[in-house]
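Heads up: the protein sequence lines correspond to chains A and B, in order.
Quick note on numbering that gives the first Met the number 0: the first sequence kicks off at 0 and runs consecutively.
Quick note on numbering that gives the first Met the number 0: the second sequence kicks off at 0 and runs consecutively.
Right, one structure below, let's go through it.
There are 2 protein chains.
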Amino acid sequence: MELPDRKMRILKAVVRNYLETGEPVGSRTISKLTDLKLSSATIRNEMADLEEMGLITQPHTSAGRIPTDAGYRLYVDDMLSSEKEELQSAKKEMLDMKDLLLKKQDRLENMLQSVAKTLAVSTNYASMISSPTTRSSKIKFIQLSQVDPRNVLAVIVIEGNLIRNKVIPVEEELSAETMLKLNMLLNTNLCGLSVEEITLGLIEGIKRNAGIHTAIVNNVIDAAAEIVRSEEELKIYTSGANNIFKYPELADHQRASEIISDFEEKQALGSIVQETLAGEGQNGIQVYIGNEMPVAGMRDCSVVTATYELGEGMKGTIGIIGPKRMDYDKVVGVLKEIMSQLDAIYKPSGTASLEDKGDGAAASSGQEGGTKGGQVFTIPELRIPQIKRIEIKEL
Amino acid sequence: MELPDRKMRILKAVVRNYLETGEPVGSRTISKLTDLKLSSATIRNEMADLEEMGLITQPHTSAGRIPTDAGYRLYVDDMLSSEKEELQSAKKEMLDMKDLLLKKQDRLENMLQSVAKTLAVSTNYASMISSPTTRSSKIKFIQLSQVDPRNVLAVIVIEGNLIRNKVIPVEEELSAETMLKLNMLLNTNLCGLSVEEITLGLIEGIKRNAGIHTAIVNNVIDAAAEIVRSEEELKIYTSGANNIFKYPELADHQRASEIISDFEEKQALGSIVQETLAGEGQNGIQVYIGNEMPVAGMRDCSVVTATYELGEGMKGTIGIIGPKRMDYDKVVGVLKEIMSQLDAIYKPSGTASLEDKGDGAAASSGQEGGTKGGQVFTIPELRIPQIKRIEIKEL
DNA sequence: ATTAGCACTCCACACCACAGAGTGCTAATC
DNA sequence: GATTAGCACTCTGTGGTGTGGAGTGCTAAT
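Spelled out as structure tokens, the structure:
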């Protein structure tokens, strides 16, 4: 949609003013606010036009105007395409973020959670972040070992060094040779295959060769299938849901309850992740406004999403969820900043930025993987914090 | 505190009526409600006494009475000690719970989450449940294996069959003999020890014997330490936080925001778990009312907690959080019911109750650990769903 | 094309009145 | 002495009314 320059400027003024105040904005306000020197009457005429175009609306006859979803959309599109978001304010607020990311977040889970929290605190909106997805991976290594007379431990490593294990109960103790044979059998037959490639025929073949130990083979394959299943499972971390109470238009019982509930059942937010990963927006930033929200029950909100990447095709989604009148400029700035910081942490070149942060104690020999003091805290772990959660079941 | 019978009955009537309606209750209502035939005037006199004792209060001069914290406390104590909670209503509502627990909750995490949800749905209050704590355990088994030329996989099994693994990067590929030697070294020196028992001297000794592979030894020990650390970490699952909006006294912005925030930062709820595990109440049920709440910011709530046990000393806490005027009778009933169901699931004797639930398809041969259809669903797994989360880090 | 002026609309807020619920107190009754 | 009926009083919640202010649309003047 093309808009005459003057109308566009008035629209922007209306949106911006409404973002700040949350109150309908009148012609007089605009007339005083903008640099184009026009009287309120002229503005009124223009605003009448804008209303006719469906970009702004008035809550009641004699009130000022507020943007419609379409109005927000135009505003946001313009902002995103004109590329010159004022990052400076965002950057200043995010300075401590680097510290935060450096604190021994030795687990991905904790790191994501604390990123979410930082985002929520620094924006005053609610935030969500999804765990990075991995492509369906191939089996790399299988190891069975006898833990005790009644149990065999199966360890399965898949590409990208994700590991899962499972304890399998057995009736009788297996001999060392049997274990060795089973290990060879499984490794030669299954390594290099993705779980989808494991056919029933293949399993039958293995079982035949395994002789009496079909139960174990079954269990190993089950465990392998489970790895993939649970890797595909989307984990979503959230923070700052209570921020919605800061915005009266979201804080009434009805709406708040729905939003809180969606935040609790995090899978409701999954659709946002899906949408985001599906349609790649410009700069990786996407904005869903009001009815564009993929989550029903959040139709009074907007969400700004970004895609982050931890290398090796592990992509995740970050989202900031707030009222439709959220400060899009700031949020986009914050998201871009955090994306770049996540990138920096992953990239090996991040070493420099890590070292100039060093607090003397870091000089505990250049030995890779060394411990310092009693703390499990190794520099390389920090630089590439690729940690997966895995689960085991035991009987 | 001993109370004359008549006063006690009036107090109970006030509390019960207020629980239902949420409105201050007047003398006339009581007079009609109770079986003791007294006029409203008499009730008024008694109520004045009760107010003097600090058990009830009136929001303003000419309103009915509502219970104070002390009043609730007396009511709850009486209920808990008189032991005859009407479980029948609870039981009826919980019939489907068994189904829920049976649905392939093959992971503890999922099971806990769904228990929380069921509780929230069936009570209309918010619920929380903590993962069971384990005592610090001994190392049972250690296994190193070469996954690929650059990485060694360390698997550590501790008592109770909790497993953790860690990928350790190495400079050069290790020979099969070296691996074998390291495995023997680690197993002979560390098995049977709890992590606390591993002294620096011991580590030094192992390192000496390990020759050049001190880095690997270090990492294995780190991993072992990490197991214990993360097992100690309290995981709390919540559900139904949005239920608080159903109770106007909690639903105003101020309070709701605080409560929601505490539910989001789940560790705030940790203090409830601590309190509960510390002071063992009668029947394992404990009630914290208003200012007794361990969590600041929930001083307008009450919580009913229970301790559940999954055998082997793995104890966890369940809590139902609602307004002070929550239906204590029902909640206590529901909690008792779920506790007994959790017990039944854990106990081997649970077999019976599982089998009479069988839906025909369960007849896929008595083979232990068998799969049925494409589903990973083994009966023994269900019966003893002792599943731990473990994490690995990779480099 | 822009602006000043004006009549009009609608909301927010304060004010008031009043019905209703409930109390405390006193005097009468069992 | 305990209970009850009766009554005056208090406080809240609600609905009605009035008014000031903000903002609009329209018309006429610039």
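Just so you know, even glycine gets a beta-carbon here, dropped at the ideal spot from N, CA and C.
Owing to the predicted nature of the structure, the values given are computational and were not obtained by experimental measurement.
Beta-bridge pairing by DSSP links A:Ser126 to A:Ser238 and A:Ile319. Only buried fits B:Arg254, as 16 or more other CB atoms lie within 10 angstroms of its CB. Each residue's CA atom was taken as its position, placing B:Pro3 and A:Tyr236 some 54 Å apart.
With contacts defined as CB atoms closer than 8 Å, B:Ala153 and B:Val219 qualify as a contacting pair. In terms of beta-carbon proximity, A:Val156 lines the interface with chain B, with at least one pair separated by less than 8 Å. Separation of A:Lys329 and A:Thr122 (C-alpha to C-alpha, rounded to the nearest whole angstrom) is 8 Å. A direct Cα-to-Cα measurement between B:Glu51 and B:Ala224 gives close to 58 Å.
With the rule of 3 Cβ pairs closer than 8 Å, the region 320-327 of chain A counts as touching the region 300-311 of chain A. Bounds of any beta strand (DSSP E) do not take in B:Leu2, whose DSSP letter is neither H nor E.
Assigned with DSSP and collapsed to three states, A:Tyr327 falls in helix. A:Leu309 is not a Cβ neighbour of A:Gly269, given a cutoff of 8 Å. In summary, B:Glu196 is exposed, with fewer than 16 beta-carbon neighbours lying within 10 Å of its beta-carbon over all protein chains present.
Look at B:Ser113 here: in three-state DSSP terms it is helix. DSSP places B:Lys245 in the helix class (H, G or I) of the three-state scheme. Fully contained in the region 143-197 of chain A are the following alpha helix (DSSP H) runs of length 4 or more, in chain order: 175-189.
Counting other Cβ atoms within 10 Å of its Cβ, B:Glu170 stays below 16 and is therefore classed as exposed.
Against B:Ser144, the close residues of chain A are Gln142, in the order they occur along the chain (beta-carbon pairs closer than 7 Å). For B:Thr67 against B:Thr60, the beta-carbon gap comes to about 17 Å, at or over 8 Å, which does not count as contact. Put simply, of B:Glu22, B:Thr20, B:Leu37 and B:Leu18 the residue whose alpha carbon is nearest the alpha carbon of B:Lys6 is B:Leu37. Look at B:Lys335 here: in three-state DSSP terms it is helix.
Ranking B:Val114, B:Thr132 and B:Lys137 by CA distance to the CA of B:Ser126 puts B:Val114 first.
At a C-beta separation below 9 Å, B:His212 has no neighbours in chain A, since its nearest C-beta there lies roughly 11 Å away.
A Cβ-Cβ contact shorter than 8 Å links A:Gly315 with A:Ile128. Cβ neighbours of B:Arg64 within its own chain (closer than 7 Å, five residues either side excluded): Val13, Pro23, Val24, Met46, Glu50, Ile55, Thr56 and Gln57. Residue burial is scored here from C-beta neighbours: A:Ile42 has at least 16 other C-beta atoms within 10 angstroms and is therefore classed as buried.
According to DSSP, residue pairing for A:Ser301 in a beta bridge involves A:Ile288 and A:Gly321. Three or more beta-carbon pairs separated by less than 8 Å link the region 172-190 of chain A to the region 140-147 of chain A, which places the two stretches in contact. The Cβ neighbour count for A:Arg207, taken over all protein chains shown within 10 Å, is under 16; the residue is labelled exposed. Boundaries of the alpha helix (DSSP H) around A:Ala40: Ser39 to Glu51.
Distance from the CA atom of A:Tyr327 to the CA atom of A:Arg27, rounded to whole angstroms, is 25 Å. Counting other Cβ atoms within 10 Å of its Cβ, A:Gln340 reaches 16 or more and is therefore classed as buried. Close to A:Lys335, with beta-carbon spacing below 7 Å, lies no residue of chain B; the smallest spacing is near 25 Å. Residues of the region 252-285 of chain B with a C-beta atom less than 7 Å from some C-beta of chain A are His252, Ala255, Ser256, Ile259, Ser260 and Glu263, listed in chain order. Using beta-carbon distances, A:Leu35 does not count as an interface residue toward chain B, since no partner is under 8 Å. For B:His252, the uninterrupted alpha helix (DSSP H) run begins and ends at His252 to Glu263, by DSSP. Within chain A, the residues placing a beta-carbon under 9 Å from that of B:Leu152 are Phe140, Gln142, Val154, Val156, Asn160 and Ile162, ordered along the chain.
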